[in-house]
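**Q**
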Amino acid sequence: MSAPHAAKRRLIVAITGATGAIYGMRLLETLRRLGEVETHLLVSSAGWLNIQHELELEKSAVHALADVIHNVRDVGASIASGSFATDGMVVAPCSMRTLASVAHGFSDNLITRAADVVLKERRRLVLLVRETPLNLAHLRNMTAVTEMGGVIFPPVPAFYQKPDSIDAMVDHTVERVIDLFGLAQPVMRAWQGMRGGEAD
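Per our numbering, numbering of the sequence shown is gapless, rising by one per residue and ending at 200.
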């Protein structure tokens with residue numbers, strides 16, 4: 001008798017109205033390629049506007065990358081309950097409005113309700129916050145989410161990798177996010193230190 005197949009791990013992915021829709025899309029593409037994760041997708045109204053403006057993609061192309069698609073107004077969805085087990089949630093990109101809603105526990109749509117559930121169940125919440133410069137409200141909201149156990153992850157390019165394209169910079173950020181969840185063998189090659197310098 002063969003052993004039962006292990007259930008896929010689950011990750012919630014939300015795309016909100018900050019610039020940088022490519023991060024959410026690349027995350028979905030990478031997770032689909034890994035094939036070990038069931039993705040639950042949420043896109044806000046402003047998120048759809050950015051996807052169309054920045055990436056010129058239709059909803060069907062985005063939906064094709066996710067396993068389950070949820071309407072942001074459906075607060076009765078599976079991911080609105082802590083009894084529905086997931087590995088956590090990534091908001092990529094995360095607008096300052098969404099950050100504020102999470103920081104203050106508003107749960108005013110399915111994105112912020114799902115984030116609230118992830119925090120209360122002590123699962124991993126990663127917010128790729130996108131704004132600059134930051135005002136005091138932004139900083140305080142980031143502090144609040146961090147104190148709740150969330151991870152604030154601004155998608156800052158890493159130039160030590162000597163990226164040769166925007167795609168390479170996006171990939172580096174997405175790979176680091178995936179590695180935070182331990183969903184597979186590390187996706188990103190670990191930093192080995194600088195070479196060529198003499199030892200003291």
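Glycine included, every Cβ here is placed at the ideal spot set by N, Cα and C.
Quantities reported herein were computed from a predicted structural model and do not represent experimental measurements.
From the DSSP output, in three-state form, read off I15 for me.
**A** For this step, residue 15 is matched to residue 15 along the sequence shown. Here I15 sits in strand by DSSP.
**Q** I need the DSSP call for R9, collapsed to helix, strand or coil.
**A** The residue you call residue 9 lines up with position 9 of the sequence shown. In this structure, R9 counts as strand in the three-state DSSP scheme.
**Q** With a CB to CB cut of under 8 Å and the five nearest residues on each side skipped, what residues in its chain are close to D116?
**A** The count along the sequence shown starts at 1 and reaches residue 116 at position 116. Taken in chain order, the residues that qualify are V102, G105 and S107.
**Q** Taking contact to mean at least 3 C-beta pairs separated by less than 8 Å, is the segment 37 to 44 in contact with the segment 117 to 137?
**A** Contact between the segment 37 to 44 and the segment 117 to 137 is absent, with fewer than three C-beta pairs closer than 8 Å.
**Q** Just to confirm my understanding: we take T98, look at its own chain, exclude 5 residues before and 5 after, and list those with CB closer than 7 Å. What are they?
**A** Reading the sequence shown from its first residue, position 98 is the one you call residue 98. Closer than 7 Å at Cβ, skipping near neighbours: T16, V91, I111 and T112.
**Q** For D87 and R10, which I take to be in contact (beta-carbon distance under 8 Å), what is that distance rounded to the nearest angstrom?
**A** Here residue 87 corresponds to residue number 87 of the sequence shown, with the count starting at 1. Here residue 10 corresponds to residue number 10 of the sequence shown, with the count starting at 1. Contact holds; Cβ gap of about 6 Å.
**Q** Starting from R124 and walking both ways along the beta strand (DSSP E), at which residues does that stretch end?
**A** Sequence index remark: in the sequence shown, residue 124 carries index 124 (1-based). Its beta strand (DSSP E) spans residues R124 to V129.
**Q** Over what stretch of residues does the alpha helix (DSSP H) that includes G24 continue unbroken?
**A** Indexing the sequence shown from 1 puts residue 24 at position 24. It spans A21 to L34 - the alpha helix (DSSP H) in which G24 sits, taken as one unbroken run.
**Q** Using 8 Å for Cβ pairs, my map puts A21 next to L55. What's the rounded Cβ distance?
**A** Locating residue 21 in the sequence shown gives position 21, counting from the first residue. Locating residue 55 in the sequence shown gives position 55, counting from the first residue. With a Cβ gap of about 6 Å, A21 and L55 count as contacting.
**Q** Check the DSSP bridge columns for H53 and list the partner residues they point to.
**A** As a first step, residue 53 is located in the sequence shown; it is residue number 53 there, counting from the start. The partner list for H53 (beta bridge, DSSP) is empty, contrary to what the question assumes.
**Q** Thinking C-beta only, is V13 closer than 7 Å to L201?
**A** With the chain running from 1 to 200 in the structure shown, residue 201 is simply not present.
**Q** Could you tell me the alpha carbon to alpha carbon distance between A24 and A77, rounded to whole angstroms?
**A** Against the sequence shown, residue 24 aligns to sequence position 24. Against the sequence shown, residue 77 aligns to sequence position 77. The sequence shown places Gly at residue 24, not Ala. Answer to the nearest angstrom: the Cα atoms are 21 Å apart.
**Q** To which residues of the same chain is F181 closer than 7 Å at the C-beta, ignoring the five residues directly before and after it?
**A** As a first step, residue 181 is located in the sequence shown; it is residue number 181 there, counting from the start. Answer for F181: L11, D87, G88 and R124, listed in chain order.
**Q** Rounded to whole angstroms, what is the Cα-Cα separation between N109 and M194?
**A** The count along the sequence shown starts at 1 and reaches residue 109 at position 109. The count along the sequence shown starts at 1 and reaches residue 194 at position 194. Taking the straight line from one Cα to the other gives about 46 Å.
**Q** Rounded to the nearest angstrom, what separates F84 and P163 at their Cα positions?
**A** As a working mapping, residue 84 is identified with position 84 in the sequence shown. As a working mapping, residue 163 is identified with position 163 in the sequence shown. Their Cα atoms are separated by approximately 39 Å.
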